[in-house]
Structures are given as C-alpha cells and as structure tokens.
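Q: Just passing along the structure, written as structure tokens.
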Amino acid sequence: MSELIKCVNLTKSYGSKEALCSLDLTLESGKIIGLLGPNGSGKTTLIKILCGLLTPTDGYVSIDGMKIGAQTKAIVSYLPERTYIPSWMRVKHILSYFEDFYADFRRPLAEDMLTRLKVDLNQKVKTLSKGNKEKVQLVLVMSRNAKLYLLDEPIAGVDPAARDYILDTIITNYNPDASVIISTHLIQDIERILDDVVMIQYGHLKVHGSADAIRNEKGMSIDQLFREVFRC
Amino acid sequence: MLRKLVKHEYIYLIKTFTPIYIIYLASAAALRLFTLFGYDFIDSAAKAANPVIYSMTIIYFFVVAAFTILASVMAILTMADNVRRFKNNMFTDEGYLTNTLPVTATEHIAAKLIAGCTNFLCSFAVLTLGLFIASRSSTSFILKAIWEAITDPDVEISEKLTIILLIFMVYITFQLLGYLAVSLSSMANGGRGFLGGIVGAFSTVFGLIFISRVAAFSVAGGLGAVPSMLMVCLVLLVFCVIMGLIVTMIIKNHLNLQ
Numbered sequence: 001m002s003e004l005i006k007c008v009n010l011t012k013s014y015g016s017k018e019a020l021c022s023l024d025l026t027l028e029s030g031k032i033i034g035l036l037g038p039n040g041s042g043k044t045t046l047i048k049i050l051c052g053l054l055t056p057t058d059g060y061v062s063i064d065g066m067k068i069g070a071q072t073k074a075i076v077s078y079l080p081e082r083t084y085i086p087s088w089m090r091v092k093h094i095l096s097y098f099e100d101f102y103a104d105f106r107r108p109l110a111e112d113m114l115t116r117l118k119v120d121l122n123q124k125v126k127t128l129s130k131g132n133k134e135k136v137q138l139v140l141v142m143s144r145n146a147k148l149y150l151l152d153e154p155i156a157g158v159d160p161a162a163r164d165y166i167l168d169t170i171i172t173n174y175n176p177d178a179s180v181i182i183s184t185h186l187i188q189d190i191e192r193i194l195d196d197v198v199m200i201q202y203g204h205l206k207v208h209g210s211a212d213a214i215r216n217e218k219g220m221s222i223d224q225l226f227r228e229v230f231r232c
Numbered sequence: 233m234l235r236k237l238v239k240h241e242y243i244y245l246i247k248t249f250t251p252i253y254i255i256y257l258a259s260a261a262a263l264r265l266f267t268l269f270g271y272d273f274i275d276s277a278a279k280a281a282n283p284v285i286y287s288m289t290i291i292y293f294f295v296v297a298a299f300t301i302l303a304s305v306m307a308i309l310t311m312a313d314n315v316r317r318f319k320n321n322m323f324t325d326e327g328y329l330t331n332t333l334p335v336t337a338t339e340h341i342a343a344k345l346i347a348g349c350t351n352f353l354c355s356f357a358v359l360t361l362g363l364f365i366a367s368r369s370s371t372s373f374i375l376k377a378i379w380e381a382i383t384d385p386d387v388e389i390s391e392k393l394t395i396i397l398l399i400f401m402v403y404i405t406f407q408l409l410g411y412l413a414v415s416l417s418s419m420a421n422g423g424r425g426f427l428g429g430i431v432g433a434f435s436t437v438f439g440l441i442f443i444s445r446v447a448a449f450s451v452a453g454g455l456g457a458v459p460s461m462l463m464v465c466l467v468l469l470v471f472c473v474i475m476g477l478i479v480t481m482i483i484k485n486h487l488n489l490q
C-alpha cells in the first residue's frame, strides 16, 4: 500500500475562526477510513480541501503525489451531503455528463445499479424524491473507478435500511486499490467496514490508526471511544 | 475538456431557448398572416363597430405585444440567463458538481462565455429573422424602421460589421461584469456581498464614463467612425481580460460553497 494523501501543517481559517489547525496526516491507499468527529470539528473542511473546493490558508496537501487541481479531481470521486445534480437534467443526461468528464466512469455499472433501484433513466431529476436523488448521486460516485472516494455524511438523514444499502453499495463497488474516506458522526453503523480511523476535534487530530489496533489497545469499540474522546 | 463543457452548455441552451424562439417566430408569422389577409390596424379603428373586426383587433394587439416584448426581452434574457447559470453552476449547490470536475476555472469561464456569445448570436439571428417575417406589415412602423436601418445601402459593410463587433464586445463586457458581481457577492454573505455590489456598480459607471471619453477623444482626434469604434472595442477587451482574471482568482482561491 502506498501513500495516497499527505497533509503537512494543513491550516484553514474562516476569518478569525480556525477550522483546521496545523493538521499533519498521511493516509494510505487501499483502506476504508472513517473521518470521525462531532459537528464543527473540521471533517467537511478537510474533505472540501481534498476535493479542491477550498484552498488551505497554510500548509500543504497532496493526493497521489500531486498538488490539488484538475489532475487530482480526475482521480477523486466526491459525494457531498447536498444534492448537486441540476434539476433540469434527466437521469440519463447526468450519466452522459459523468461519462464525458470522467474517464474512469463505468456507465454500464451505473445503469445497472439505477435499474435495480427502479430509477427511470428518462426521469427528470426534479421529479425524483429526495431519497432517490441521494441514491442517484451515490451511484454516480461509486460507479467511478477512482483512486480516492470522499463521502461526506453519506448516511446522515436516511433510514436504517437505506444506510445498510448505502454501505453495501460502497463496499461492493469501490476500487479495492483505492481509498474511501467516510465522514460521519454515526459511528455504530459504519464501524464494521472501517480499516482506519481518523478522529478530529476543533480542527486538531485526536486519534489516527487502524480500527482493529485501536479496539485492541483501548478495549472498546470505536463508537465507545468516540463517546469518550468527545464527551461534552 | 473545454469542448465537453461547451457541449453541455449547448445542450442546456437548446432545451431552454428553442421554445422561446418558436413562440417568437410564430408571433412574427401571425403578424405576417394579418397583413396577408389585408388586416390593417389603423383601418380597423374605423371598422371597430363591426364585432368581428373588433375581436380581430384585440387578437392583433396581443400578437403585436407578444412579438414586441419577446423581441425586446430576448437580448436581455440571453445575458441574464447566462449570468444566472454561471452563479448557479459555480456558487450554489450545483457548484459541488461543477467545481469538482477535472477542469480549470479558466475553462469554466471560457465555456460560459462561448455559450453566452453563441446564444447571443443565435438570438440576434432569430430576432432578425422575425423582423424580416413581420416587417412587411404596413402598420409596424418601428419594425420597418429597424429593418431598413439594418439593410440601408448607404452604410458601408465595414461600419455595419464594426457596429456588430461593438455590440458583441458590449455584450461580453456586461456578461463578465455579471460574473464579477456574482463572484464578489459569493465570497461572503452580508457585508462583503453588499460591498461587491457597490464595487460592481462603481466599476460599471466608471467604465462607461471612461469608454465614452475614449470614444470622444477618438472622434476629436480626427479618427473616423470605424477606428473610433475599434478603439472602444480594444478598451472593452482590456476591461474584459481584467475582469476575467479577477473572476478566475475568486473561483480558484475564494470559493465559498455552503
């Protein structure tokens, strides 16, 4: 496994508020990594920096040895917590859109998953239910053969059955040589699939290591450790 | 990647503007039909007592109104829609899709400008076609005047082309000014957004005064109409490059998606 993400002294400020404070973090490829922390801890800020939506105030970050830019965006597949598909498009148009811009997009896989979800490819996005929109977005992201998957709160706001579906979709369809970073504060649901854990609070790194090693060392589950580390 | 961005812009434009163009040309054809059937608005006033003529007058009024409104709005619509689309694509939830594509900020802006200019040219062509279809009506004085100005043989081709280039450059300038305004207002909510609007308004007024001085200077300096207009186009080009660089810098370094 090689080094995929390297953050050196990574800092991001919004005015006087520091969202990330001198973060040093190295993540390897081929792992499912849980990015855990309470609300406002800096998880989304870190993810946005990695996918090029934000620029750091200080420090350095690279993905696969490259500075964040158009080249890294080609190998990063990002699922935000918001609906981003233009409402005027039909489902088949957004598939064509992804096919045009991402060389690693697997259209047959995407169409197969959408068909099994009973989503009509001719349907307009604005007529889809909120849940179906989220599923379409997840299918688009996981149908890419990317090197890094960034999933920001993929299971927040969905029912337990849908959570299991989302997690199974992630495990089944991602490139095993790639890394998946899942940002969430719903630890119990994702703990079973995590290889590594990164815990952040107030922009600082609190815990980083293998999920199994942490469980063995601490003698408790990641969820229990989370509650202890971030106790109010 | 630029080609692909432009392709998807064109798909959006075709879906959005084709119905508008069809309605506009249909109203132009309807005006023409009124003329072919010998209907005259002025003459109808004398025959207003006739209920059939009275009804036809009402319909004719609405057709003229629809045609005139669409003709007037189309130019503004293309610019406003392009700026609205730029704002939605780059600075709202759609920005999570657009700004994570493997393309540069410059390519995004270039694609929007190319699409906007193409839309402007198509709208101009459709507008002219509609005028040609409807201008035969003896009662549409304004339409005839515009058509005759376009086809005036006393105005040289070079002057007409320079006027078109000037209109084109003014359009691009306003388009980029729109991009700049939405970019500045997106940098932060509240105060800085308001400041962005003030800066944009000030830039527009200053720019118009500066350009008018350039034009006046060119004319006073003995330059002819065509060189004066070309001088103004050059100034607008420089203005556009500066605005483009500022917008690119904002997208690259100060994106603020919520």
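Chains as they are written, first to last, in the working numbering: chain A, 1 to 232; chain B, 233 to 490.
Every residue gets a Cβ at the ideal spot worked out from N, C-alpha and C, and that includes glycine.
#1: Touching or not, the region 211-218 of chain A and the region 186-200 of chain A, by the rule of three or more beta carbon pairs under 8 Å?
#2: On the criterion of 16 or more Cβ atoms from any shown chain inside 10 Å, does Arg231(A) qualify as buried, or is it exposed?
#3: From Leu27(A), Ser179(A) and Lys6(A), pick the residue whose C-alpha is nearest to that of Met142(A); which is it?
#4: Check whether chain B comes within 7 Å of Gly7(A), counting only Cβ atoms and requiring the distance to be less than that.
#5: To the nearest angstrom, how far is it from the Cα of Phe321(B) to the Cα of Leu333(B)?
#6: For a minimum of 3 consecutive residues, which ranges assigned as the beta strand (DSSP E) are wholly contained in the region 130-197 of chain A?
#7: Taking only beta-carbon atoms, is Pro160(A) less than 7 Å away from chain B?
#8: Just reading off the beta strand (DSSP E) that Glu18(A) is part of, what are its end residues?
#9: If you drop the 5 nearest sequence neighbours on each side, which residues of the same chain put their C-beta closer than 7 Å to that of Ser62(A)?
#10: Less than 7 Å between the beta carbons of Ala262(B) and Val295(B), yes or no?
#11: Label Pro251(B) either buried or exposed according to how many other C-beta atoms from any shown protein chain fall within 10 Å of its C-beta, with 16 as the threshold for buried.
#12: Note down, in chain order, each residue of its chain lying with its Cβ closer than 6 Å to the Cβ of Gly423(B), except the 5 sequence neighbours on either side.
#13: Which residue from Arg316(B), Tyr242(B) and Ala260(B) puts its Cα closest to that of Leu361(B)?
#14: Please report the residue range of the beta strand (DSSP E) in which Tyr78(A) lies.
#15: Out of Pro56(A), Asp159(A) and Lys133(A), state which residue places its alpha-carbon closest to the alpha-carbon of Arg90(A).
#16: Ile181(A) and Lys43(A) - do their beta-carbons sit closer together than 7 Å?
#17: Please classify Gly327(B) as buried or exposed, where buried requires at least 16 other C-beta atoms within 10 Å of its C-beta.
#18: With H, G and I counted as helix, E and B as strand and the rest as coil, what does DSSP make of Cys465(B)?
#19: Tell me the rounded alpha-carbon separation between Asp112(A) and Tyr242(B).
#20: Smallest Cα separation from Gly203(A): which of Leu25(A), Thr169(A) and Arg107(A)?
#21: Pick helix, strand or coil for Ile68(A), following the three-state DSSP scheme.
#22: Skipping 5 residues on each side, what residues in its chain have a beta carbon closer than 7 Å to that of Val446(B)?
#23: Looking at the unbroken alpha helix (DSSP H) that takes in Gly348(B), where does it start and where does it end?
#24: What does a CB cutoff of less than 6 Å around Met461(B) pick up in its chain, not counting 5 residues either side in sequence?
#25: Tell me which residue opens and which closes the beta strand (DSSP E) that Thr11(A) is part of.
#26: Any idea which residues DSSP pairs Ser210(A) with across the strands?
#27: Counting pairs of beta carbons, one from the region 338-351 of chain B and one from the region 286-303 of chain B, are three or more of them closer than 8 Å?
#28: On the DSSP letters alone, give me the boundaries of the alpha helix (DSSP H) that Ile252(B) sits inside.
#29: When the cut-off is 7 Å and only beta carbons count, does Val335(B) lie next to chain A?
#30: Just list the alpha helix (DSSP H) runs in the region 282-336 of chain B, keeping only unbroken ones of 4 residues or longer that don't cross its boundaries, in chain order.
#31: Going straight from the alpha carbon of Ile341(B) to that of Gly476(B), what length do you get?
#32: For Glu244(A), which option in Ala146(A), Arg144(A), Ala161(A) and Ile166(A) has the closest C-alpha, if you only look at C-alpha atoms?
#33: Decide yes or no for the touch test of the region 43-58 of chain A against the region 110-127 of chain A: beta carbon pairs closer than 8 Å, at least 3 of them.
#34: Within 7 Å (strictly less), CB to CB, does Leu53(A) reach chain B?
#35: Quick test of the definition: if touching needs 3 or more C-beta pairs under 8 Å, does the region 305-319 of chain B touch the region 347-359 of chain B?
A: In terms of the structure at hand:
#1: yes
#2: exposed
#3: Ser179(A)
#4: Looking at the sequence provided, one finds Cys at residue 7(A) rather than Gly. Chain B contact via Cβ: absent.
#5: Contrary to the premise, residue 321(B) reads as Asn rather than Phe in this sequence. Distance between the alpha carbons of Asn321(B) and Leu333(B): 11 Å.
#6: 148-152 and 179-184
#7: no
#8: Lys17 to Glu28
#9: Lys6
#10: yes
#11: exposed
#12: Any reading at Gly423(B) needs caution, since the residue's pLDDT is 48, under 50, leaving its predicted position unreliable; the model's value is listed next. Excluding sequence neighbours, Gly423(B) sits near nothing in its chain.
#13: Ala260(B)
#14: Val76 to Leu79
#15: Lys133(A)
#16: no
#17: buried
#18: helix
#19: 28 Å
#20: Leu25(A)
#21: coil
#22: Met463, Val464 and Val467
#23: Ala337 to Ala366
#24: Thr394 and Leu398
#25: Glu3 to Tyr14
#26: Asp196(A)
#27: no
#28: Leu234 to Leu268
#29: yes
#30: 283-323 and 327-330
#31: 8 Å
#32: Residue 244(A) cannot be examined here, being either before or after the span of chain A that is shown, 1 to 232.
#33: no
#34: yes
#35: yes
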